[in-house]
Each structure stands twice: as C-alpha cells, then as structure tokens.
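First comes the structure, then the notes that go with it.
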Amino acid sequence: MVLIKNDWNFYIRWEFYIRFQFSPQLAILYYFIMFMIFCN
Numbered sequence: 072m073v074l075i076k077n078d079w080n081f082y083i084r085w086e087f088y089i090r091f092q093f094s095p096q097l098a099i100l101y102y103f104i105m106f107m108i109f110c111n
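Per our numbering, the sequence shown starts with residue 72, numbered consecutively.
As structure tokens, then:
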C-alpha cells in the first residue's frame, strides 16, 4: 500500500489505536522497530 504524506499521520494513529488496543507490548515493539527503520 502506498501512502501519501498527508495520510501518514492518520494512518499511524489508526494503526496504533488498533494494535495498542489488542496487544500493547507488540504495538510498542512494532513502533519502536518502525521508528528505528525510518529514522536511520
């Protein structure tokens, strides 16, 4: 799926809401990994 820059914040919030609701630990781990990938 290709995301435009404008949709990025909305997408992150939506993904985080769903993941955090079902499994907080996995959500934190997932976003830590994504953060490391995108900020390198």
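Yeah, the Cβ is synthetic: ideal placement off N, Cα and C, and Gly gets one too.
C-alpha distance - residue i paired with residue j, whole-angstrom precision
i, j, result
"residue 104", "residue 95", "14 Å"
"residue 89", "residue 99", "12 Å"
"residue 93", "residue 84", "14 Å"
"residue 109", "residue 102", "10 Å"
"residue 97", "residue 86", "12 Å"
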